[in-house]
Structure formats: structure tokens, C-alpha cells
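Working notes, beginning with the structure itself.
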């Protein structure tokens with residue numbers, strides 16, 4: 001599968017990861033360059049960091065179920081995220097996943113901004129969970145309030161000179177969804193998630 005990122009961007013990202021002792025692995029955005037939709041997730045987990053591909057662990061199996069319901073393959077979408085390396089903490093020699101920090105999200109923001117700028121017009125963005133959603137639309141929104149609602153909006157772009165996020169000039173269609181790991185942790189929520197997927201299928 002292809003990526004929008006250039007070799008230089010990838011090398012710079014890997015250098016950034018090497019300088020952060022609480023990040024590991026590197027997962028570039030990948031998929032179709034003319035995707036049916038774009039998944040914007042939080043960050044890789046252990047399996048993704050090991051293999052350098054997105055959604056390879058248990059959440060990946062749930063994503064595969066989603067795609068089967070939608071009648072779409074991984075080759076037809078693009079998968080990216082707010083952070084491209086696994087954020088982890090370590091206790092007694094054991095690593096565990098953690099949420100990325102604001103600084104880490106800002107460090108990787110130029111990669112996501114570039115990818116979104118390369119998309120064909122009206123490509124649907126599908127942020128997964130609060131981190132993906134808030135990276136695009138800001139912290140005032142939560143996934144529990146707007147999941148499954150189609151929004152047309154600019155997205156936040158990070159400006160290195162000011163170290164601030166500002167709205168993009170471009171407007172995107174956006175359909176926020178719960179993260180696949182959410183439906184794994186809370187099986188009772190699957191009917192709600194499948195209802196959101198039905199909305200996505202209708203849009204496709």
C-alpha cells in the first residue's frame with residue numbers, strides 16, 4: 001500500500017522517535033491515495049509498532065469486521081493517525097500503552113496536515129475516538145456526543161512558527177466514530193457502533 005509521506009518526512013519522523021525515550025516503532029500513513037475514506041486514529045499499539053503497519057492487533061481484527069460490514073477493503077481506504085509511534089510507560093521492565101501527550105501530537109502534526117492536504121476534494125475523514133476527533137476539530141468536542149454525525153468543517157492545522165493550531169482553509173466532510181478498541185472493551189456498545197457504521201455505509 002502507498003503513503004503520501006516523502007522519504008525525507010519519514011526519516012525526520014524516525015529521528016524524532018529516536019529522541020523520545022517513551023516512543024517506539026514507526027507507522028506511516030498507508031493505503032489508497034484516492035481513498036473512499038480516511039481513518040484518523042490515536043497512535044500505534046505494541047503490535048503495530050513491531051510490524052510498522054496500522055491496526056494489526058486486536059483492534060485490527062475489529063476493524064476488519066467493520067470493513068466487511070462496509071464492503072470495503074484496506075486497499076480502498078487510507079489509515080493514518082495523530083501520532084505515528086507507540087507511546088508507552090514502563091514499570092518493572094514492562095511496557096504499557098498510554099495516551100500521547102499534547103507535545104507528541106504537535107510533533108507529528110505536520111505529517112497528518114500534509115497527508116490531508118494531498119487528498120482529493122471531498123474525501124471523507126473518519127476520526128476514531130477522542131484523540132483522532134480532537135486532533136481534527138479541537139478539545140471542545142467529544143466522541144460520545146457527535147459519533148455518527150456527519151460534519152462539514154475545516155480541520156486544525158499546526159503552524160510551526162506560532163506553535164498553534166489554526167483552522168484549515170479547506171472544508172472536509174467528517175464522520176466521527178468510536179475507536180475499534182472501544183467496541184472490543186464494551187461489547188454491549190456494538191449495536192450503537194454498528195448503527196454508526198450503517199451511516200458510513202450509506203455515505204459510501
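Residue numbers (full-length UniProt numbering): 1 to 204.
Beta carbons: idealized from backbone N, C-alpha and C, even for Gly.
*Cβ atoms of residue 143 and residue 174: under 8 Å apart, would you say?*
No, these two residues do not count as a Cβ contact at 8 Å.
*Going by other Cβ atoms of all chains shown within 10 Å of its Cβ, with 16 needed for buried, is residue 102 buried or exposed?*
exposed
*So residue 85 and residue 25 are in contact, right, with Cβ under 8 Å, and what is the actual spacing, rounded?*
5 Å
*Smallest Cα separation from residue 38: which of 63, 52, 80?*
It is 80 whose Cα lies nearest to the Cα of residue 38.
*In three-state terms, what does DSSP make of residue 53?*
It is coil, neither helix nor strand.
_Need the endpoints of the beta strand (DSSP E) that residue 97 sits in, please._
Where residue 97 is concerned, the enclosing beta strand (DSSP E) starts and stops at 94-97.
_Residues sharing a beta bridge with residue 79, DSSP_ = Bridge partners of residue 79: 30, 39.
_If distances are taken between C-alpha atoms only, which option among 145, 14, 157, 106 comes closest to residue 196?_
145
_Strictly by DSSP, which residues pair up with residue 167?_
156
*So, are the CB atoms of residue 166 and residue 138 less than 8 Å apart?*
no
*Since residue 112 is in the alpha helix (DSSP H), which residue starts that stretch and which ends it?*
102-117
*asked:* Using C-beta distances below 8 Å, list every residue in its chain close to residue 190, excluding the 5 sequence neighbours before and after it, in chain order.
replied: 183
*What does DSSP give as the partner residues of residue 46 in its beta bridges?*
Paired residue(s): none; residue 46 is not in a bridge.
_Member of 65, 35, 74, 69 whose CA lies at the smallest distance from the CA of residue 54_ = 74
*asked:* Alpha carbons only, please: which of 134, 177, 90, 83 is nearest the one belonging to residue 63?
replied: 177
*Simplified DSSP assignment, three categories, for residue 131*: helix
*Report the option in 94, 98, 118, 83 whose CA atom is closest to the CA atom of residue 105.*
83
*Spatial distance of residue 160 from residue 179 (CA atoms)*: 29 Å
*asked:* Helix, strand or coil, according to DSSP, for residue 89 in the structure here?
replied: The DSSP-derived three-state label of residue 89 is strand.
*asked:* Taking its Cβ as the centre, do 16 or more other Cβ atoms sit within 10 Å of residue 188, making it buried, or is it exposed?
replied: exposed
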